[in-house]
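Here is the structure we will look at, set down as structure tokens.
Numbering (the working numbering), first residue to last: -8 to 146.
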């Protein structure tokens, strides 16, 4: 029994194992919260409300793709294969692209508000909420990626 305790202690002292366990725990916790929220919402929302929630999720998914223009995929390559200065330039470019496209989409939302409201089924304010959510999600995801690349999960 003493050998097993010593082996477990040595196993958890390895940095990679600690970080792997922390990453798995936080990822599982995130999915668990989503699952619990769906269960709680099922008591309060009707089928129509779930449909509207699903449409909003689809809208945010599409807007996230449009806002980032796939720049997130190059982000990891830039971090590991280039200098720190080049990586910062790429990071600034990602944020600048997302902000410029957000401004363009805001202009489109205001100029075509009647058409978009009929087409999407959401008023302009909810379209703006979805857009702001997607922009903030890009900043959040990018920050998490930087933490993951720098292995700053547990300090």
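Every residue, glycine too, gets a C-beta built ideally from N, C-alpha and C.
Keep in mind the model is a prediction, meaning the values are calculated, not measured.
Close CB contacts of residue 29 within its chain, under the 7 Å cut and outside five residues either way in sequence, are absent. Annotated as distal: residue 133 and residue 68, with beta-carbon spacing of 8 Å or more.
Residue 32 and residue 38 have their alpha carbons spaced roughly 11 Å apart. The beta carbons of residue 54 and residue 125 sit about 4 Å from each other, so the pair counts as a contact at 8 Å. Secondary structure at residue 141: coil, using DSSP grouped into helix, strand and coil. Taking all protein chains in view, the Cβ of residue 27 is surrounded by fewer than 16 other Cβ atoms within 10 Å, so the residue is classified as exposed. Across the structure, residue 57 and residue 95 are spaced so that their CA atoms are roughly 11 Å apart. When Cβ pairs closer than 8 Å are counted between the two stretches, the stretch 99 to 113 is seen to touch the stretch 45 to 54, the count reaching three or more. The Cβ atoms of residue 66 and residue 136 lie closer than 8 Å to each other. Scanning the stretch 52 to 112 for uninterrupted alpha helix (DSSP H) segments of 4 residues or longer gives 62 to 72, 75 to 102 and 104 to 111, listed from N- to C-terminal end.
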